[in-house]
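Student: Chains as they are written, first to last, in this note's numbering: chain U, 509 to 899; chain Y, 12 to 114; chain P, 673 to 838; chain F, -14 to 202.
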């Protein structure tokens, strides 16, 4: 029975496909899983929106939305209907084609990222052995859609917002990649399935998740920082800083296209937290051996929603970073630490088992963290503002 | 018309388009775009020959293409850096007007 | 010749033509991205998975954005006043056509040295890793050196002069 | 150590988050239409006319002296005096407002009309849910809608109402005393009058006219 619950989706899909002629079965099977993804993740997006608004409310000592339906459950539905029925105004000076393509391109690209995430035991849409590289390649092309949106609106604020967003995403893409390279080094394969299988073993009931190793914890924290920046969230949401940039690159968007951007951002967040779970939190493996009876996909979606709650928690707490602080932090703190983490991961691998490697690796990382923190991020002497007027 | 010749023809066409772009366009960046296209055409050739070549397990073609992608990215970066510097110096990216050697 | 190849080839060539022929430079850059994407799909069609993803990651992820940044920094996005083509554009077209003619002739008349249909090479990332670390370790180090040099070079070239010398 | 501040901040929001479910004093939100907070006594929204007794028209304290109309900064009060008179609380016949309109969409609740009103006739109400569908007529209140009983005034502003009533009662007492004294003096003069009148009937008439002349000057 437990096995059936775990493989419920796979069995369901095979059962549905069995009615079709043989040559049609494989494409329809893939089609079914694609439809499943396209249905579940926007549903998760709706839940996250509700969680976010209620969570932020509770953090600020107030209720969240509780008027639309019991405890505000239908609030996402209301938001959805509102944004769908809103009039879609396109500025006359905007470049219509690129203006329309930007959100479509963003959503398509973000959904393609889900093809490689292992959501449960043999529940991966496409089992590529270079799956991780595919995910990062897809992640890299979201910047282009951000730029297209910013430039095509022909509006100073949106261009400025787009420039900031692209600069931020590029400079945080390298730490994102480097911190996952550490995981790839330890597993020896780029395939997310293999990464999860390696983490799925247990000693004394405790799983081999990478987050429980010093270099893994460091890589996970750096990955989270880079992921928050990559999806323009919480402390790094400068591009759509409402206070100074109106709404950043999607100022000139309204109605359905704005909803698409909103969807793209949240589905991107879900994808990057899905990847974080796969790389560091053992994808669909249970936290304790005795809990293995719970279906594997429950763990995956549980961990993804937990990381979303952490995103929301960060958003409720941290103020927005200034652009130069943001860049400074990326190039002078996060990147060196990720490179050092690669060295520590190598050290961890070749020092063999035993407590020594725990001590050495953690010592190096802590030392580097304090030194970098004290040295790099000390309050530098702020030079008087120098203005450069347009020549 | 074996698949290989198909790929080679596409690569040749891409190369010709890149060359045409590089030769006819006035804007320096468009010339760089033309050069990028030519480089990509070469990569396509490499991988086509690797795929339909005698020893695909030797990976020579693919490795060559990967290194060529890396080098082309570096070249694009430096090239665009130069273009920006020239623009900042002479206020124009129009190649026809860059005919003076004076600094 | 599978239909997929024709579709992808058409996409790539259309993207390349648009990248070269369009008037608005930013549209050229976006068309260039379409050409890069078409090429990446062609690589995947040729079962060069690693090269295809590397192409997407490097070209669409970085080079396209670089080109677009360059266009914006040099105020290229405003529509130019005079014609977009240099005044010796005909000569350029003729040379390009000649080059294509020669290449096409060479390709079509080349002897059938290579077999038509070879087995699909099962290339895993492990083999690429071993090749990179084994046979191609020297080129790898050289490329690493070159990339660092290019990184520093590009920054120095494009750095804003501190003393504002005009 | 870099990151200490972040952890402290996260701890604070977490405490808030958990606290809002547990401790009542953290979550101070009042769900407005269902739960209501009793308005504090000094609340003031829009003016209303006070009337004594049962019949609002007869008991209306306002004597249409139009001071509030002149003093009202946004000029939202419009008074039309009545032609006849009606007895007020002290029994003296007074003019009353035939029309007394306040446009509460213009009124800025500044309470100047209450301060300047010598007859304690206009006070500030605590009623604020006055939204209507009709933009123009709906918010123009006439005399009938403005008039509210003194008991209602006691209900919304107890202390202030008590003071006002005390002051009115005192005035009434003073007026009664004066009236009584005047009546007594008149009675005494009436009693002494016939004796003097018999002596020189002609003299007092010119004296009274002279006295009137002085008073006029």
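All C-beta atoms in this analysis are idealised placements derived from N, C-alpha and C, irrespective of residue type, glycine included.
If you're wondering where the values come from, they're calculated on a predicted model, not measured in any experiment.
For residue 537/U, collect the residues of the same chain with a Cβ closer than 8 angstroms to its Cβ; drop the 5 residues on either side in sequence, then sort them by chain order.
Tutor: Locating residue 537/U in the first chain gives position 29, where the first residue counts as 1. Closer than 8 angstroms at the Cβ level, and outside the excluded window around residue 537/U, lie 521, 522 and 525.
Student: Taking 9 angstroms as the cut-off, decide whether the C-beta atoms of residue 603/U and residue 804/U are in contact.
Tutor: In the first chain, residue 603/U corresponds to position 95, counting from 1. In the first chain, residue 804/U corresponds to position 296, counting from 1. Taking 9 angstroms as the Cβ cut-off, residue 603/U and residue 804/U do not qualify as a contacting pair.
Student: Give, in chain order, every residue of the segment 63 to 90 of chain Y whose Cβ lies closer than 7 angstroms to some Cβ of chain P.
Tutor: 63, 64, 67, 68, 70, 73, 74, 76, 77, 78, 80, 81, 82, 84, 85, 87, 88 and 89
Student: If we call anything under 9 angstroms between Cβ atoms a contact, is residue 562/U one with residue 580/U?
Tutor: Within the first chain, numbered from 1, the residue matching residue 562/U stands at position 54. Within the first chain, numbered from 1, the residue matching residue 580/U stands at position 72. For residue 562/U and residue 580/U, yes; Cβs fall inside 9 angstroms.
Student: How about the segment 735 to 746 of chain P and the segment 87 to 96 of chain Y: do they share at least three Cβ pairs that are nearer than 8 angstroms?
Tutor: Segments in contact, yes.
Student: Could you give the distance in angstroms between the alpha-carbon of residue 739/U and the alpha-carbon of residue 142/F?
Tutor: Counting from 1 along the first chain, the entry for residue 739/U is found at position 231. Counting from 1 along the fourth chain, the entry for residue 142/F is found at position 157. When rounded, the distance between both Cα atoms is 56 angstroms.
Student: I need the DSSP call for residue 515/U, collapsed to helix, strand or coil.
Tutor: In the first chain, counting from the first residue as 1, residue 515/U sits at position 7. Assigned with DSSP and collapsed to three states, residue 515/U falls in coil, not helix or strand.
Student: Considering only the alpha carbon of each residue, which of 63/Y, 86/Y, 65/Y and 56/Y lies closest to residue 75/Y?
Tutor: The residue you call residue 75/Y lines up with position 64 of the second chain. Residue 56/Y is the option with its Cα nearest to residue 75/Y.
Student: Classify residue 534/U: buried if its beta carbon has 16 or more other beta carbons within 10 angstroms, exposed otherwise.
Tutor: Sequence index remark: in the first chain, residue 534/U carries index 26 (1-based). It is exposed - the Cβ of residue 534/U has fewer than 16 other Cβ atoms within 10 Å.
Student: Just mark residue 759/P as buried or exposed, buried being the case when its beta carbon has 16 or more other beta carbons within 10 Å.
Tutor: In the third chain, the residue the question calls residue 759/P occupies position 87. Residue burial is scored here from C-beta neighbours: residue 759/P has fewer than 16 other C-beta atoms within 10 angstroms and is therefore classed as exposed.
Student: Grouping DSSP H, G and I as helix and E and B as strand, with all else coil, what is residue 73/F?
Tutor: Here the question's residue 73/F lines up with position 88 in the fourth chain. In this structure, residue 73/F counts as coil in the three-state DSSP scheme.
Student: As a quick exercise: from 777/U, 531/U, 802/U and 708/U, pick the residue whose alpha carbon is nearest that of residue 554/U.
Tutor: As a working mapping, residue 554/U is identified with position 46 in the first chain. Closest by alpha carbon: 777/U.
Student: Name the residue from 565/U, 682/U and 797/U whose alpha carbon lies nearest to the alpha carbon of residue 820/U.
Tutor: Along the first chain, read from residue 1 onward, the residue named residue 820/U stands at position 312. Nearest option by C-alpha distance: 565/U.
Student: So, does the CB of residue 743/P fall closer than 9 angstroms to a CB anywhere in chain Y?
Tutor: Counting from 1 along the third chain, the entry for residue 743/P is found at position 71. Yes, its Cβ sits closer than 9 angstroms to a Cβ of chain Y.
Student: Considering residue 132/F, what are the terminal residues of the beta strand (DSSP E) in which it resides?
Tutor: For this step, residue 132/F is matched to residue 147 along the fourth chain. Here the beta strand (DSSP E) through residue 132/F covers 132 to 134.
Student: Any beta-carbon of chain P closer than 9 angstroms to the one on residue 38/Y?
Tutor: Indexing the second chain from 1 puts residue 38/Y at position 27. At least one chain P Cβ lies under 9 angstroms of residue 38/Y.
Student: Counting only beta-carbon atoms, is residue 740/U nearer than 9 angstroms to chain P?
Tutor: Within the first chain, the letter at position 232 stands for residue 740/U. Contacts with chain P at 9 angstroms (Cβ-Cβ) do not include residue 740/U.
Student: Tell me, please, which residues DSSP counts as bridged to residue 80/F.
Tutor: Here residue 80/F refers to the residue found at position 95 when the fourth chain is read from its first residue. 70/F, per the DSSP bridge assignment.
Student: Who are the near neighbours of residue 17/F in its chain, counting only those whose CB is closer than 8 angstroms to its CB and skipping five residues on each side?
Tutor: Numbered from its first residue, the fourth chain carries residue 17/F at position 32. Only residues of its own chain outside the window of five on either side were considered, and among them none has a CB closer than 8 angstroms to the CB of residue 17/F.
Student: What is the DSSP secondary structure of residue 570/U, reduced to helix, strand or coil?
Tutor: Locating residue 570/U in the first chain gives position 62, where the first residue counts as 1. Three-state DSSP puts residue 570/U in coil, outside helix and strand.
Student: Can you tell me which of the three DSSP states residue 549/U falls into?
Tutor: Within the first chain, residue 549/U is the residue found at index 41, counting from 1. It is helical.
Student: At 9 angstroms on the CB atoms, spell out the chain U contacts of residue 85/F, in chain order.
Tutor: Working through the fourth chain from its first residue, we reach residue 85/F at position 100. Neighbours of residue 85/F across chain U, judged by C-beta separation under 9 angstroms, do not exist; the nearest C-beta is about 40 angstroms away.
Student: For residue 201/F, does the three-state DSSP call read helix, strand or coil?
Tutor: Locating residue 201/F in the fourth chain gives position 216, where the first residue counts as 1. Low local confidence applies: a pLDDT of 45 at residue 201/F is under 50, so the model's placement there is unreliable, and no value is given.
Student: Report yes or no: do the segment 674 to 684 of chain P and the segment 75 to 85 of chain Y share at least 3 C-beta pairs separated by less than 8 angstroms?
Tutor: no
Student: So which of 816/U, 696/U, 612/U and 861/U has the shortest CA-CA distance to residue 764/U?
Tutor: Taking the first chain and counting its residues from 1, one reaches residue 764/U at position 256. Cα-wise, what sits closest to residue 764/U is 612/U.
Student: Starting from residue 685/U, follow the alpha helix (DSSP H) in both directions and report where the run begins and ends.
Tutor: By one-based count along the first chain, residue 685/U stands at place 177. From DSSP, the alpha helix (DSSP H) with residue 685/U extends over 664 to 695.
Student: For chain U, check one thing: does any of its Cβ atoms lie closer than 9 angstroms to the Cβ of residue 2/F?
Tutor: On the fourth chain, position 17 is the one that residue 2/F refers to. With 9 angstroms as the cut-off, residue 2/F counts as an interface residue toward chain U.
Student: Spatial neighbours of residue 40/Y within its chain, please: CB distance less than 8 angstroms, with the 5 preceding and 5 following residues excluded, ordered by chain position.
Tutor: Here residue 40/Y corresponds to residue number 29 of the second chain, with the count starting at 1. Around residue 40/Y: 91, 94 and 104.
Student: So which residues of chain F does residue 622/U contact, with C-beta pairs closer than 7 angstroms?
Tutor: Stepping through the first chain from its first residue, residue 622/U is reached at position 114. Per Cβ cutoff of 7 angstroms: no residues; residue 622/U is ~29 angstroms from chain F at best.
Student: Can you give me the start and stop residues for the beta strand (DSSP E) that residue 824/P sits inside?
Tutor: Counted from its first residue, the third chain places residue 824/P at position 152. Careful: residue 824/P lies outside any beta strand (DSSP E), inside the alpha helix (DSSP H) at 809 to 830.
Student: What are the complete alpha helix (DSSP H) segments, minimum 4 residues, inside the segment 589 to 633 of chain U?
Tutor: Taken in chain order, the unbroken stretches of alpha helix (DSSP H) that lie wholly in the segment 589 to 633 of chain U and span 4 residues or more are 604 to 620.
Student: Locate the beta strand (DSSP E) running through residue 32/F, then write down its first and last residues.
Tutor: Residue numbering aside, residue 32/F sits at position 47 when the fourth chain is read from its first letter. From DSSP, the beta strand (DSSP E) with residue 32/F extends over 32 to 36.
Student: Buried or exposed for residue 687/P, please, with buried defined as at least 16 other CB atoms from any protein chain shown within 10 angstroms of its CB.
Tutor: Residue mapping note: residue 687/P aligns to position 15 of the third chain, counting from 1. Within a 10 Å sphere around the beta-carbon of residue 687/P sit 16 or more other beta-carbons, which makes this residue buried.
Student: For residue 696/P, go through chain Y and note every residue whose CB falls closer than 9 angstroms to its CB, in chain order.
Tutor: Numbered from its first residue, the third chain carries residue 696/P at position 24. What residue 696/P touches in chain Y: nothing, since even the nearest Cβ is about 11 angstroms away.
Student: Would you report the Cα separation of residue 673/U and residue 795/P, rounded to the nearest angstrom?
Tutor: If you number the first chain from 1, residue 673/U lands on position 165. If you number the third chain from 1, residue 795/P lands on position 123. Looking at the two C-alpha atoms, the distance is approximately 37 angstroms.
Student: Once DSSP output is grouped into helix, strand and coil, what is the label at residue 795/U?
Tutor: On the first chain, position 287 is the one that residue 795/U refers to. Three-state DSSP puts residue 795/U in coil, outside helix and strand.
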